[in-house]
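Peer 1:
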Amino acid sequence: EPEVTQTPSHQVTQMGQEVILRCVPISNHLYFYWYRQILGQKVEFLVSFYNNEISEKSEIFDDQFSVERPDGSNFTLKIRSTKLEDSAMYFCASSSSSGGPSYNEQFFGPGTRLTVL
Amino acid sequence: AQSVAQPEDQVNVAEGNPLTVKCTYSVSGNPYLFWYVQYPNRGLQFLLKYITGDNLVKGSYGFEAEFNKSQTSFHLKKPSALVSDSALYFCAVRDMGTGGFKTIFGAGTRLFVKA
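Right, dumping it as structure tokens:
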């Protein structure tokens, strides 16, 4: 069964460093998302991406964040200068366009746990 | 704005007993509702969704959910709980407002099933 994959599973970084979180969405999906979950808290939307551009972003997704689809398979989230409060689990998700993106479930990857020291 | 509420932080149930995890929603327009489960140190797994049609939706692992428009609820149910069902459960709604189709999650309900 196709699945969303994410690397690395755990990333430890120093405050102020740049990190890139990588995701490989399901191959025929066209809508891509990043969410984050601070430990013990709810899952929060960060950004959605379609047709090589951001379709929506939350207030969390400020100038230190960026997303990219550098090739036909990867979808990345870059945090330019990490802060302590960026420590969280980051989930990538993708969904199909067939039947409309509103109807289809988003398939989530296993997450990358980011720890900022 | 779309939102979901999960009124219980935790639900405890004995193995073999029926379980219910509650969710209420607030949407403008037709609701597109989902349930996801998160096992420890794992990602989110899709359980089921309500788009339209029958109010009783069947999903993975024997779970089902009942859509109730008058009560704006979408409670998750299972007739007979298993210890392995112990996990964190999220109710979610698709936000149709902005075109990004993001999913808005509830705060989550931790289910403990005791043997």
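Protein sequences appear in the order of chains A and B.
When we follow the numbering used here, the leftmost residue of the first sequence carries the number 17, and every step to the right adds one.
When we follow the numbering used here, the leftmost residue of the second sequence carries the number -19, and every step to the right adds one.
Virtual Cβ for every residue (Gly too), placed ideally from N, Cα, C.
Are the beta-carbon atoms of A/Leu46 and A/Tyr66 separated by less than 8 Å?
Peer 2: Translated into positions along the first sequence, residue 46 of chain A becomes position 30. Translated into positions along the first sequence, residue 66 of chain A becomes position 50. Yes, the pair counts as a contact, with Cβ atoms nearer than the cut-off.
Peer 1: Only counting runs of 3 or more residues, tell me where the beta strand (DSSP E) segments fall wholly within the stretch -10 to 68 of chain B, in order along the chain.
Peer 2: Those beta strand (DSSP E) runs which fall completely within the stretch -10 to 68 of chain B and span 3+ residues are -10 to -6, -1 to 1, 4 to 6, 13 to 18, 24 to 30, 36 to 38, 44 to 48 and 53 to 58.
Peer 1: Taking C-alpha atoms, which residue in B/Leu(-1), B/Ser6 and B/Arg22 lies nearest to B/Thr52?
Peer 2: Looking up residue 52 of chain B in the second sequence gives position 72. Checked all of B/Leu(-1), B/Ser6 and B/Arg22; the closest Cα to B/Thr52 is B/Ser6.
Peer 1: What residue range does the beta strand (DSSP E) around A/Gln53 cover?
Peer 2: Counting from 1 along the first sequence, the entry for residue 53 of chain A is found at position 37. Tyr47 to Gln53 is the extent of the beta strand (DSSP E) around A/Gln53.
Peer 1: Which whole runs of the beta strand (DSSP E) in the stretch 77 to 123 of chain A are 3 residues long or more, in chain order?
Peer 2: Complete beta strand (DSSP E) runs here, min 3: 81 to 84, 91 to 95 and 104 to 111.
Peer 1: For A/Thr128 versus A/Tyr106, is the C-beta distance shorter than 8 Å?
Peer 2: The residue given as residue 128 of chain A occupies position 112 in the first sequence. The residue given as residue 106 of chain A occupies position 90 in the first sequence. Yes, the pair counts as a contact, with Cβ atoms nearer than the cut-off.
Peer 1: Would you kindly work out how many angstroms separate the C-alpha atoms of B/Gln18 and B/Asp75, rounded to a whole number?
Peer 2: Translated into the one-based positions of the second sequence, residue 18 of chain B becomes position 38. Translated into the one-based positions of the second sequence, residue 75 of chain B becomes position 95. Spanning the two alpha carbons is a distance of roughly 21 Å.
Peer 1: Quick check: the Cα distance between B/Arg22 and B/Gln(-10), rounded to an integer number of angstroms?
Peer 2: Taking the first residue of the second sequence as position 1, residue 22 of chain B is located at position 42. Taking the first residue of the second sequence as position 1, residue -10 of chain B is located at position 10. Between B/Arg22 and B/Gln(-10), the C-alpha separation is close to 19 Å.
Peer 1: For chain B, check one thing: does any of its Cβ atoms lie closer than 8 Å to the Cβ of A/Tyr49?
Peer 2: Along the first sequence, one-based indexing puts residue 49 of chain A at 33. Yes, A/Tyr49 lies at the interface with chain B (some Cβ there is under 8 Å from its Cβ).
Peer 1: Under 8 Å between the Cβ atoms of A/Val40 and A/Val59?
Peer 2: The sequence position of residue 40 of chain A within the first sequence is 24, counting from 1. The sequence position of residue 59 of chain A within the first sequence is 43, counting from 1. For A/Val40 and A/Val59, no; Cβs fall outside 8 Å.
Peer 1: Pair every Cβ in the stretch -15 to 1 of chain B with every Cβ in the stretch 47 to 61 of chain B, then say whether three or more of these pairs are closer than 8 Å.
Peer 2: Short answer: they touch.
Peer 1: Give the straight-line distance between the Cα atoms of A/Thr23 and B/Gln(-14), rounded to the nearest whole angstrom.
Peer 2: Translated into positions along the first sequence, residue 23 of chain A becomes position 7. Translated into positions along the second sequence, residue -14 of chain B becomes position 6. Distance between the alpha carbons of A/Thr23 and B/Gln(-14): 31 Å.
Peer 1: For chain E, check one thing: does any of its Cβ atoms lie closer than 8 Å to the Cβ of A/Glu72?
Peer 2: The displayed structure is made up of protein chains A and B, and chain E is not among them.
Peer 1: Does the CB of B/Gly86 have a neighbour CB from chain A at under 8 Å?
Peer 2: Position 106 of the second sequence, counted from the first residue, corresponds to residue 86 of chain B. Yes, contact with chain A.
Peer 1: By the 7 Å beta-carbon criterion, what residues does the stretch 21 to 32 of chain B contribute toward chain A?
Peer 2: The stretch 21 to 32 of chain B vs chain A, Cβ under 7 Å: Arg22, Gly23, Leu24, Phe26, Lys29 and Ile31.
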